[in-house]
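Participant: Sequential numbering of the sequence shown, starting at 7, is according to this note's numbering. Note that beta-carbon positions come from the ideal geometry of N, C-alpha and C, so glycine has one too. First the structure, which I've put down as structure tokens, then a few questions once you've had a look.
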Amino acid sequence: MNKYFITMLFLVSITLTGCSQQQQARKPISRTSGAAFIDESVERNRKLIAKEEAQIDSIIKSNPDIEYIASSKGYWYYYGQENTQDDITPKRGDVAFFNYTIKDLDGNIIYSEEELKPQVYYVDKEKIMIGLRSGIKLMNKGEKVTFLFPSNMGYGYHGDNKKIGVNQSLICTVTLNDIKPEAEVKDNQKTKDNN
7 MNKYFITMLF LVSITLTGCS QQQQARKPIS RTSGAAFIDE SVERNRKLIA
57 KEEAQIDSII KSNPDIEYIA SSKGYWYYYG QENTQDDITP KRGDVAFFNY
107 TIKDLDGNII YSEEELKPQV YYVDKEKIMI GLRSGIKLMN KGEKVTFLFP
157 SNMGYGYHGD NKKIGVNQSL ICTVTLNDIK PEAEVKDNQK TKDNN
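Structure, rendered in structure tokens:
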């Protein structure tokens, strides 16, 4: 009995000791430092941006009759139809009504105006393509503007999971049909809903 008791005590103490010891975390297999990864990522992005800018520059040079404007946000645009009478542009608190098409840099239509349908955009309150968010705020009512967006101003490294690919630069032609204050649009909607 004494032997049995000592054996049981020994087994219980080993079990408790083994359970109380913390298991050490395993080290990752890859030993690349965070700084090295970031440096590599920055370099990849620099090369991608340079390549896209060269493609866009080629388009601009091949159309010397068109006056392209470089935006401070990193895209280019030109007016197909300009409204010099107005100086009111969409701002936060406005609703922009517009149509647009999306093409690749070779001019092939990715999404037609019919596919995209007329857009109603609550300025700076809805998620739309980064370039459009910025570009629409440059436009006056009735203007038609063509934007050349590098991929970071479009759908970036992810694409749109449909027709727009990964890191694809885009040409968007936008017609701004109207600008209205958000309160007016909401009041009109309430009136329609009540009738």
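Given a threshold of 16 other Cβ atoms within 10 Å of its Cβ, counted over all protein chains shown, does residue 108 qualify as buried or as exposed?
Facilitator: So residue 108 counts as buried.
Participant: Would you kindly work out how many angstroms separate the C-alpha atoms of residue 162 and residue 196, rounded to a whole number?
Facilitator: For residue 162 and residue 196, the distance between alpha carbons rounds to 37 Å.
Participant: Excluding five sequence neighbours on each side, which residues of the same chain lie with their C-beta closer than 8 Å to the C-beta of residue 144?
Facilitator: So the qualifying residues of the chain are 77, 83, 95 and 151.
Participant: Which runs of the beta strand (DSSP E), 3 residues or longer, sit entirely within the region 119-198?
Facilitator: Correct list: 125-128, 150-155 and 176-187.
Participant: According to DSSP, is residue 61 part of a helix, a strand, or is it coil?
Facilitator: Looking at residue 61 - three-state DSSP - the assignment turns out to be helix.
Participant: Kindly indicate which three-state DSSP category residue 12 falls into: helix, strand or coil?
Facilitator: Of the three classes helix, strand and coil, the one that applies to residue 12 here is helix, per DSSP.
Participant: Could you tell me if the beta carbon of residue 131 falls within a distance shorter than 7 Å of some heavy atom in the ligand FMN?
Facilitator: Looking for the ligand FMN in the displayed structure turns up nothing, as the structure carries no ligands at all.
Participant: Identify whether residue 113 lies in helix, strand or coil by the three-state DSSP scheme.
Facilitator: Note: residue 113 maps to coil in three-state DSSP.
Participant: Can you look up residue 40 in the DSSP assignment and give me helix, strand or coil?
Facilitator: Three-state result, residue 40: helix.
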